[in-house]
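These notes concern the structure reproduced below.
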Amino acid sequence: MLATQSAFVYLALALASTLASASPAEKKDDACLACHGQPGLASASGKSISLDPAKHSASVHGILGCSECHATIKDFPHPNKITKVECSTCHADEASHAPASIHGAVDVTCQSCHGNAHEVSAAAQLVPAKCAQCHADEAKDLRQSIHGQAAAAGDPDAPTCLSCHGDVHQIQTSSDATSRVARKNLPDTCASCHSNQQFLARHKIPFAHPVELYRQSVHGRAQANGDGGAASCSDCHGSHGILPSQDARSKVNHWNIPATCGQCHKEISQTYLESVHGQAMKARVSAAPVCSDCHGEHLILGPKEQGSLVSASRVSVTTCGRCHSDERLELRYNLPADRLPSYADSYHGLAARGGSQSVANCASCHGVHNIFPSADPRSTVNAANLPKTCGNCHAGAGGHFVIGPVHVRTTTGPAHPVVKWIRWTYLTLIPMTLGFMILHNLIDFFSKVIRRQPRHETGARVSRMNRNFRIAHWGVVLSFPTLVITGFALKFPEEWWARPLLLGEGHFAFRGLIHRSAAVVLVASTIYHVVHLTLARRDRLFLKAMLPVVKDATDLVQVITYNLGLTKIEPRFGKFNYAEKMEYWAFLWGTVVMTVTGCLLWFNNFTLRHFPKWISDAATAVHYYEALLATFSILIWHFYMVIFDPLVYPMDTAWLNGKASADHYRHSRPEYLRALERAHLVELPKEPSDYDDEPGSPDPHTKV
Amino acid sequence: MPDREVAPRQFVRFTRLQRILHICMIVSFISLALTGLTLKFSYTKWAAVLSHLFGGFESAGYIHRSAAVVMFGVFFTHLVDLYKLKRREHTSWRSLVLGPGSMVPNRRDLTELIGTLKWFVGLGPRPAYGRWTYWEKFDYFAVFWGIAIIGSTGLTLWFPVFFTRFIPGSFLNVATIIHSDEALLATGFIFTVHFFNTHLRPEKFPMDITVFTGRMPLEELKRDKPREYEALVASGKLEEQMEEAYPPIVTRTIRAFAWVALALGFSIVLWIIYAMLFAYR
């Protein structure tokens, strides 16, 4: 702005002088120069009062006549008292600001920079040479910097001293809050070029929005909030000597970053330099992370802030996983390949993927800047230190814990022999069981469809479940699906159906709470059932009828052969057939297994205190596989038995009102039905059902 | 069927052309669904296996487009059939649309829907349905909707160069989304709602083959379409619409075909559920 004003003044003067050319003033100047044009003319006090007319007319002031500045001198001889010529007469703006600037404060006068008033050169010619006269070191740095190099190459965008420091007459030191190069204002100053997208494109600078990102960072926000000590642009990049990061001398060169950050973060950088990463960095291992590889560059956020690369929810996958699950680095440095996936599969990893902030991430166990190989006694994961490290969360996790590997994959990959054994048992058991169930049911279904046995023909009903059985069943009906959904939501935390259950993971983790409440309900229902059988003498007959006998095995074989049409002998059952017995005992067995393993996981501090780690791993594996088996058994075996079996379709209603349709029992369980009939326990319907056996209106066409 | 005797004469519900069209529709629809879904869920193992069976994604594409041509053929043949029906039995389009045998939903369907909902919860008797129930009408027009939406977007994706002479290129992306998700809706609808309505209802379970034989036992007509039955009895036209039942060898063949279609349909539903629950992207 000021520059523009000066330009106008200059233009006006130039115009005036052109109009006044060859005016009497010129003649008058000749008179002045007759004396003052002689070199060596001095005043009474010895001050030089001569000037070089050629230099004067070549100077910016060359358009001015003598009397325009020396207004009080009209004639010769001169008056006794000669008034001092003040620059401010014309340059009021500049003169008024200059004394308040840092240059004013250190007695830098107009002439210090502009030189002899008769030989003043244009402002543009003064910078940077004139600045360099006093600021030699800075000027030298600038010349070597990327900015100086650009200026030397004639780049019109290259900044000069004033591009950053502002109007020369108002210059302040960087410690002054109004200075354009004060820490607080520096982002604005740098942004004038580095936020300009055309500028960035023109110079092929790939760093987009560096200043905007910086402003959101922990440094930028602290600076904006008045913390003058917070890092600003120049703290990391340097000021006059800014060099591109690929220059080995640059403050932001990869190898110099720990030192640069260490200017402020002294202790951390010391710790880092001793760590496995720091040591590798010192050995010039190219992939060794320096500060910015984990924390980011301009947008560095505090570890507690959401979105931070080193926050609890992101550090494991986004930051550590960036190298520790990289195939190339694993090969090159022989890093263990399963660290991240085994963590992701563990409870810690699953809960973290679900959004939990409180479970362990990589740093919780391995440390942050103080990461050492586990063999190093300083390492937090050294065997000697593990009880203390785990004890941070799991109070009293004892020496037992350290027996056995920590990074274990429960579903794939290396594991403790017992876990491996469990995995293989289930991976054989599950397909065999489910395959048997599917095959058995498909054969049964189609053979029943082809045979077209009658169903619901009389509507006779028998009592199958009294109130106490139904109460226990209701407990399971409510808790089992809840357990399934909340349990698998932990195992598949990224799936859309798991998200609602995991919404509270950050602050109030209700998924686990629901899971454990449902587990209590399920166990309570089972106990209720056991107590009921213990107390009710009459219902104990149920247990007797449920006991597996050899006939069940032969029944199973006979059903399959009959269904396949290999025999004509229709199998007959007692009160419960083999399918129901299998389901009943499998359920009880499953409940015991799930309760034991579930409790080991629920009371994990107890488990970690008293057992080696592989017990937790085994419990995790069993709990998961048994859950898979149980879920699919219910879907395939139970639901076929009570819904899709053509004889009971659409549903066996015993669980609702205790009564089951008795018609198909006449064929398959004749003795059981006869016994019930003798006891008058078979109910015949009062009226025919709505449409199933509707006779329809009497009509002659019926017999067509 | 030892207990339920097949009535010697059965009520004719569908014409021969309608039955053929429905079979063509089943074949083309299942082919479209299988080949389309292998692409939609290409990240599941199932899709890789299926695509391998089809001979790769490219040949699956040929099957997909051939099946689409069949589907269009079915649709336009049906429209022509409707036109002939109007020429043959109706004096005007109005009587075709508003007549008693019309597929167009009317006020009575609304009262039957409400009546059915009441019947579900035990608040009233089962409504006396006519020739077409409201859910059958819904299924019928769902096909029109599907043909319009999936067909138009499908053609756009088939002939992108031609269509982008008239529409912006970004519409191809939109068409992809519409085609894919509308197809998922159609597949899900047919293999759950339509299958339930026709095969899983307790009185039909496990399967209803009326649409293939064209015939239904008279008791079924009386039970399921009492209003139509009574109208036919009142007008004395019932006898005209009775025909010999097919011999067992024919119905057995039809059942075998229908079981394959049903099994494919339910498998696709299971596959979609698996893909949506554990692999969705």
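Chains as they are written, first to last, in the numbering used here: chain A, 1404 to 2107; chain B, 123 to 403. In this text, a Cβ means the ideal position worked out from N, Cα and C, and glycines have one as well.
Among the options, the one whose alpha carbon lies nearest that of residue i
i: histidine 361 of chain B; options: B:Leu340, B:Pro348, B:Arg345; result: Checking the sequence shown, residue 361 of chain B turns out to be glutamate, not histidine. For glutamate 361 of chain B, the nearest C-alpha among the options comes from B:Leu340.
i: lysine 1851 of chain A; options: A:Asn1966, A:Tyr2027, A:Ala1786, A:Pro2073; result: A:Asn1966
i: leucine 399 of chain B; options: A:Ala1892, A:Pro1692, A:Val2025, A:His1680; result: A:Ala1892
i: arginine 138 of chain B; options: B:Phe176, B:Asp203, B:Phe197; result: B:Asp203
i: alanine 1755 of chain A; options: A:Ala1715, A:Phe1976, A:Leu1743, A:Glu1986; result: A:Ala1715
i: alanine 155 of chain B; options: B:Phe176, B:Leu143, B:Lys167; result: B:Phe176
i: proline 1744 of chain A; options: A:Arg1735, A:Val1720, A:Gly1758, A:Gly1757; result: A:Val1720
i: threonine 1475 of chain A; options: A:Ile1874, A:Val1693, A:Glu1489, A:Gly1757; result: A:Glu1489
i: lysine 1978 of chain A; options: A:Arg2072, A:Leu1837, A:Gly1724, A:Leu1712; result: A:Arg2072
i: phenylalanine 2042 of chain A; options: A:Pro1790, A:Met1840, A:Asn1588, A:Val1614; result: A:Met1840
i: alanine 378 of chain B; options: B:Ile395, B:Tyr396, B:Phe334, B:Glu365; result: B:Phe334
i: isoleucine 1711 of chain A; options: A:Ser1620, A:Gly1758, A:Ala1912; result: Per the sequence presented here, residue 1711 of chain A reads as serine, with isoleucine not at that position. Out of A:Ser1620, A:Gly1758, A:Ala1912, A:Ser1620 has the C-alpha closest to the C-alpha of serine 1711 of chain A.
i: histidine 1481 of chain A; options: A:Asp1496, A:His1439, A:Val1463; result: A:His1439
i: histidine 1701 of chain A; options: A:Leu1830, A:Glu2029, A:Arg1618, A:His1464; result: A:Arg1618
i: leucine 1589 of chain A; options: A:Ser1642, A:His1751, A:Gly1799, A:Glu1898; result: A:Ser1642
i: lysine 1458 of chain A; options: A:Gly1507, A:His1843, A:Gly1449, A:Ala1525; result: A:Ala1525
i: proline 290 of chain B; options: B:Phe194, B:His301, B:Thr278; result: B:Thr278
i: threonine 199 of chain B; options: B:Cys146, B:Thr314, B:Asn295; result: B:Cys146
Cβ separation of residue i and residue j, assumed to be a contact under 8 Å, to the nearest whole Å
i: alanine 1561 of chain A; j: histidine 1550 of chain A; result: 6 Å
i: arginine 349 of chain B; j: alanine 250 of chain B; result: 5 Å
i: valine 1865 of chain A; j: alanine 2065 of chain A; result: 4 Å
i: proline 1559 of chain A; j: leucine 1545 of chain A; result: At roughly 17 Å, the Cβ-Cβ gap does not stay under 8 Å, so proline 1559 of chain A and leucine 1545 of chain A are not in contact.
i: isoleucine 390 of chain B; j: threonine 320 of chain B; result: That pair is no contact at about 16 Å.
i: methionine 230 of chain B; j: tryptophan 241 of chain B; result: Correcting the residue identity first, residue 230 of chain B is arginine in this sequence and not methionine. Contact flag wrong, Cβ pair sits at about 16 Å.
i: glutamine 1575 of chain A; j: serine 1504 of chain A; result: 6 Å
i: serine 1928 of chain A; j: glycine 1878 of chain A; result: 3 Å
i: proline 1661 of chain A; j: cysteine 1694 of chain A; result: 6 Å
i: valine 1718 of chain A; j: cysteine 1765 of chain A; result: 6 Å
i: arginine 253 of chain B; j: proline 222 of chain B; result: 7 Å
i: threonine 1885 of chain A; j: leucine 1904 of chain A; result: Actually they do not touch by this definition, with Cβ atoms about 10 Å apart.
Contact test: residue i Cβ vs the ligand MG heavy atom, cutoff 7 Å
i: threonine 314 of chain B; result: Although the ligand MG was asked about, the structure shown includes no ligands whatsoever.
Residues sharing a beta bridge with residue i, DSSP
i: alanine 1445 of chain A; result: A:Ser1451
i: alanine 2063 of chain A; result: A:Val1865
i: methionine 338 of chain B; result: B:Phe133
i: glutamate 2086 of chain A; result: A:Arg1864
i: glutamate 366 of chain B; result: B:Arg131
Buried/exposed call for residue i, threshold 16 Cβ in 10 Å
i: tryptophan 267 of chain B; result: exposed
i: histidine 1910 of chain A; result: exposed
i: asparagine 1599 of chain A; result: exposed
i: serine 1424 of chain A; result: At serine 1424 of chain A the pLDDT is 47, less than 50, meaning the model places this residue with poor confidence; the figure from the coordinates comes in the next sentence. Exposed, by the Cβ-count rule.
i: isoleucine 1485 of chain A; result: exposed
i: phenylalanine 1775 of chain A; result: buried
i: isoleucine 1703 of chain A; result: buried
i: threonine 160 of chain B; result: buried
i: arginine 337 of chain B; result: buried
i: glutamate 180 of chain B; result: exposed
i: phenylalanine 2006 of chain A; result: exposed
i: proline 2088 of chain A; result: exposed
i: isoleucine 2046 of chain A; result: exposed
i: asparagine 1483 of chain A; result: exposed
i: asparagine 1737 of chain A; result: exposed
i: valine 1960 of chain A; result: exposed
i: asparagine 1788 of chain A; result: buried
i: leucine 322 of chain B; result: buried
i: isoleucine 1972 of chain A; result: exposed
> Which ranges does the alpha helix (DSSP H) cover as unbroken runs of at least 4 residues, wholly within the segment 1539-1599 of chain A, from first to last along the chain?
Replying inline: 1539-1547, 1549-1555, 1564-1568, 1589-1597
> Enumerated in chain order, which unbroken segments of the alpha helix (DSSP H) with a length of 4 residues or greater are wholly contained in the segment 1722-1750 of chain A?
Replying inline: 1724-1727, 1730-1736, 1742-1748
>> For a minimum of 4 consecutive residues, which ranges assigned as the alpha helix (DSSP H) are wholly contained in the segment 168-222 of chain B?
In response: 178-211, 215-220
> Can you list, in chain order, the stretches of the alpha helix (DSSP H) that have 4 or more residues and sit fully within the segment 1906-1982 of chain A?
Replying inline: 1913-1938, 1943-1949, 1953-1966
> Along the chain, which unbroken stretches of the alpha helix (DSSP H) at least 4 residues long are found entirely within the segment 2037-2062 of chain A?
Replying inline: 2057-2060
> In chain order, which continuous runs of the alpha helix (DSSP H) of length 4 or greater are located wholly inside the segment 1468-1521 of chain A?
Replying inline: 1469-1472, 1495-1500, 1505-1508, 1513-1517
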